[in-house]
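Reading through the structure tokens given below for one structure.
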Amino acid sequence: MKECGTFSQNTSINNCYTVLYFLGESDGCEVYRIQNQALELKFLRLIKSELIDQIDLDRLQTDLNRISKFHHKNLVQCDPLQNFISQGVRYYYFLSDFISGETLSDLLIRRIRLNLYTTFDIILDVMMALKYLHDLPEQYIHGYVNPDNFYICYDDKKIKAYLFPIKISHYINGIKLSVQNKFDLSYMATDNLDGRKTVKGDIFSLMMVMYKCLTGVQAWIYDFDWQDSSVDFIKKQIEITRKVSAINHLSFYTTAVDEDFEKIVYKGLNQDYQNIVELSEALQHYAKDTFMIHRKSSNDAIEPVASIPKNTLVINKGLSAIAGMQVLKKQLQDDIISPLCEYSIYQHYRISPLNGILLYGAAGCGKTYIAQRIAEEINYHYIEVKPSDLASSYIHGTQEKIGRLFRQARENAPTLIFLDEVDAMLPKRDATNISHHYTAEVNEFLAQMTDCAEQNIFIIAATNRPEVIDNAILRTGRLDKLLYVPPPDFSTRQALLEMFLEGRPVDGFLDTYTLAFMTTGYVSSDLKFLVNEAAKLALKVQTVIRHEHFEEILKKYRPSISHEQITKYEKFRF
Ligand SMILES: Nc1ncnc2c1ncn2[C@@H]1O[C@H](COP(=O)(O)OP(=O)(O)OP(=O)(O)O)[C@@H](O)[C@H]1O
Ligand SMILES: [Mg+2]
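The sequence shown: position 558 = 558 (full-length UniProt numbering), numbered continuously.
Here it is as structure tokens:
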């Protein structure tokens, strides 16, 4: 995947448009965010020059001319195909509306699945766009209804969805389909896998998207390698799977739906609706009867995050609040705290503080907790960022947001930026399952993080998936030290148990030494949970917390992390 486009930032395209950002490659195009002479933001899709020879330009031009005349509030408005010559090369491109949001694919990567209300909002919007297309005097059938073509906008209070009307790679002969394009096939009706487009096929695809939104998985589970399999093989396997296995029950994945709702989805997947009106009536009828009245009380809607969160620390005890973990604490003190807090002494010896560190290790071992305690210890201005704050809530504004984050950090320096669950923010740029949008974000992060210590900014990142982080982040001058946060050893378990038991009514004979033995393999968050559960048992019978309460609880709950998983982290080397 390319990191920069043919045209760099601020260059003028065709003397009309200024490139603001290269967003990445998608669907046979380089995608740019540009500004036109009226200072309006637009997307510009530049057909990759190496594909020009294979593309059916006449057909694309005819279709885009036609599509440019479509106007619907839930359809992304596209302009006709244009071209220009730069340095002797002819380029082809078209503009489309700028939508401040993200694709449904990106949203699903971030959220896995959506609640019923959000799903309804998205599906109903796109359904209206499809109805418009199907009802045109000269009917237009989309043929590629899948989450990549849904744009989700958060500008208004209510979430709004748009359908992107065209698939460029469809016009390229002999193009080697990317994995992403192969996934498109899984949303197509079986009869349409050969390229035919039908109204019922669009309805089928819409129901597939609905199913995916609600469950996080597809209606059928396909068990083959999408990356290496040929398109013909994939089509065959899709056909066979759908023939021999039944749809997985929606209710297996979500309790939000009832039988009536399931019936609507299955009817759509069976292609039993004749047109969008029939489907729309069924859905609207269901929605009106069943949940529209309750939706105001739903607090599960997607809230785009408008600003970067501020200091969220509440306790103020620093490293001393970390139980056990003596080796790690000493390392933190020597490598981070002292160089930052005794800056002038270290400067005298010309020892610069680190730019940033990565804490990695299994879930529940205390990475987030430790990062927060470091923040207290060094007492810097503190900014904590989670993927949901930044990663892709405003995908097309995210680069600016990253810029804003670092500007805010500089203005308040010295600042500690804590990037929690950094794997979701800085995924490997060559990973096949990430959308092109992320590439631009990762680039922006890399640029901002480089040598930020010189501006008095210190970065702590944390992850339990170190293997998926972009390697460029981990070089010196960005995150220059990687610290493994191990599962608690014996003495740490004992210290943790004592810490979690503190202030509770405890039997004088309860021996944390023995308990630390009994809890071999349990991580810090497990111990917190065990203590809490033991306390609940004691409360039930109104006694102090006793050894037998722990025995009872330990019989019920196994450690949340397996020995194999721990070994995987221990063996992990960048
Ligand atoms: N050394 C410690 N001292 C005191 N409490 C700890 C320690 N380690 C972990 N904890 C407790 O365990 C809980 C879980 O830890 P934390 O959420 O930081 O884990 P994590 O490694 O960030 O997990 P994940 O990878 O799932 O985000 C914390 O809320 C904290 O209360
Ligand atoms: Mg964490």
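In this text, a Cβ means the ideal position worked out from N, Cα and C, and glycines have one as well.
Exercise for review: Report yes if the C-beta of Tyr513 is less than 6 Å from at least one heavy atom of ligand 1; otherwise report no.
Suggested key: No.
Check your understanding: Do you know how far the Cα of Asp97 is from the Cα of Val76?
Key -> Roughly 6 Å separates the two Cα atoms.
Point to revise | Separation of Ser186 from Cys213, as counted between CA atoms | key: If you take the alpha carbons of Cys213 and Ser186, they lie about 14 Å apart.
Check your understanding: Is the segment 353-369 touching the segment 448-466 in the sense that three or more CB pairs, one from each, lie closer than 8 Å?
Key -> With the cut-off at 8 Å, the segment 448-466 and the segment 353-369 touch.
Exercise for review: Consult DSSP for Tyr171 and reduce its assignment to one of helix, strand or coil.
Suggested key: The answer is helix: DSSP assigns Tyr171 an H, G or I state.
Practice item. Could you pull the start and end residues of the beta strand (DSSP E) that Thr18 belongs to? Key: If you look at Thr18, you'll find it in the beta strand (DSSP E) that goes Tyr17 to Ser26.
Exercise for review: Would you check if the segment 368-388 and the segment 414-428 touch, i.e. whether three or more CB-CB distances between them fall below 8 Å?
Suggested key: Judged by Cβ distances under 8 Å, the segment 414-428 makes contact with the segment 368-388, as three or more pairs qualify.
Check your understanding: In chain order, what residues of the same chain lie with their CB nearer than 8 Å to the CB of Lys329, ignoring the 5 residues before and after it?
Key -> If we look at Lys329 and ignore the five residues flanking it on each side, its Cβ neighbours are Leu319 and Ile322.
Practice item. Keeping to the same chain, check which residues put their C-beta closer than 8 Å to that of Gly403; ignore five residues upstream and five downstream. Key: Around Gly403: Glu444 and Gln448.
Exercise for review: Consider the C-beta atom of Ala323 and the heavy atoms of ligand 1; say whether any pair is separated by less than 6 Å.
Suggested key: Yes; taking the cut-off as 6 Å, the Cβ of Ala323 has a heavy atom of ligand 1 nearer than that.
Review point. For Ser392, which three-state DSSP category applies?
Key: Below a pLDDT of 50, predicted positions are generally treated as unreliable, and Ser392, at 46, falls in that range; the measurement from the model is reported next regardless. In the structure shown, Ser392 falls within a coil segment according to DSSP collapsed to helix, strand and coil.
Check your understanding: Under three-state DSSP, which class holds Pro427?
Key -> DSSP places Pro427 in strand when its eight states are reduced to three.
Exercise for review: Check whether the Cβ atoms of Asp79 and Ser68 lie closer than 7 Å to each other.
Suggested key: For the pair Asp79 and Ser68, the CB atoms are nearer than the 7 Å cut-off.
Practice item. Measuring alpha carbon to alpha carbon, tell me which of Gln331, Leu114, His381 and Ile34 ends up nearest Val19. Key: Comparing Cα-Cα distances from Val19 to each of Gln331, Leu114, His381 and Ile34, the minimum goes to Ile34.
Point to revise | Residues bridged to Cys78 (per DSSP) | key: BP columns for Cys78 point to Ser96.
Exercise for review: Determine the direct distance from the alpha carbon of Pro487 to that of Tyr522, and round the result to whole angstroms.
Suggested key: Cα to Cα, the separation comes out at about 8 Å.
Exercise for review: In angstroms with no decimal places, state the Cα-to-Cα distance between Asn10 and Leu279.
Suggested key: In this structure, the CA atom of Asn10 is about 46 Å from the CA atom of Leu279.
Review point. Alpha carbon to alpha carbon, how far is Leu479 from Lys235?
Key: Computed Cα separation, rounded: 44 Å.
**Study point:** Whether Cys29 touches Leu41 by CB criterion (7 Å)
**Key:** For Cys29 and Leu41, no; Cβs fall outside 7 Å.
Review point. Hey, would you say the C-beta of Lys367 is under 6 Å away from at least one heavy atom of ligand 2?
Key: For ligand 2, at least one heavy atom lies less than 6 Å from the Cβ of Lys367.
Point to revise | Euclidean distance between Cα positions of Phe43 and Ser8 | key: Here the alpha carbons of Ser8 and Phe43 stand approximately 15 Å from one another.
Check your understanding: Can you name the residues that DSSP bridges to Leu358?
Key -> Ala461 and Leu482, per the DSSP bridge assignment.
**Study point:** Backbone secondary structure at Cys341 - three-state DSSP
**Key:** Of the three classes helix, strand and coil, the one that applies to Cys341 here is helix, per DSSP.
**Study point:** Span of the alpha helix (DSSP H) around His142
**Key:** From DSSP, His142 is part of no alpha helix (DSSP H); its letter is neither H nor E.
Point to revise | Nonlocal neighbours in the same chain, by C-beta distance under 7 Å from Gln37, ignoring five residues either side | key: Excluding five sequence positions before and after Gln37, the CB atoms of its chain that fall closer than 7 Å to its own CB belong to Cys16, given in chain order.
Exercise for review: Classify Ile350 as helix, strand or coil using the three-state DSSP reduction.
Suggested key: Residue identity differs from the one stated: residue 350 is Arg in this sequence, not Ile. Of the three classes helix, strand and coil, the one that applies to Arg350 here is coil, per DSSP.
Review point. What distance in whole Å lies between the Cβ atoms of Ser491 and Gly324, which are believed to be in contact at a cut-off of 8 Å?
Key: Yes, they are in contact, since the Cβ atoms of Gly324 and Ser491 sit about 5 Å apart, within 8 Å.
Practice item. Compute the Euclidean distance between the alpha carbons of Leu64 and Phe94, then round it to the nearest angstrom. Key: Straight across, the Cα-Cα distance linking Leu64 with Phe94 is about 9 Å.
Review point. What runs of the alpha helix (DSSP H), each 4 residues or longer, lie entirely inside the segment 192-263?
Key: Whole alpha helix (DSSP H) segments, 4+ residues: 199-215, 231-244 and 250-253.
Check your understanding: Should Asn464 be counted as a contact of ligand 1 given a C-beta to heavy atom distance under 6 Å?
Key -> True, at least one ligand heavy atom lies under 6 Å from that Cβ.
Check your understanding: Beta carbon of Val544, beta carbon of Asp507: below 7 Å?
Key -> Yes. Within cutoff.
Review point. When the Cα of Ile85 is compared with those of Leu130, Asn14 and Val209, which residue comes out closest?
Key: Comparing alpha carbon positions, the residue from Leu130, Asn14 and Val209 closest to Ile85 is Asn14.
Review point. Taking the alpha-carbon positions, what's the Ser245 to Gln227 distance?
Key: Approximately 23 Å between the Cα atoms of the pair.
**Study point:** Leu497 beta carbon less than 7 Å from that of Leu510
**Key:** Result no, Cβ atoms of Leu510 and Leu497 do not sit closer than 7 Å.
**Study point:** Residues of its chain near Ile378, where Cβ-Cβ distance is below 7 Å and the 5 sequence neighbours each way are ignored
**Key:** Result list for Ile378: Ile337, Leu340, Cys341 and Leu416, in chain order.
Review point. Can you tell me the Cα-Cα spacing of Arg504 and Phe529, whole angstroms?
Key: If I take the Cα positions, the gap works out to 14 Å.
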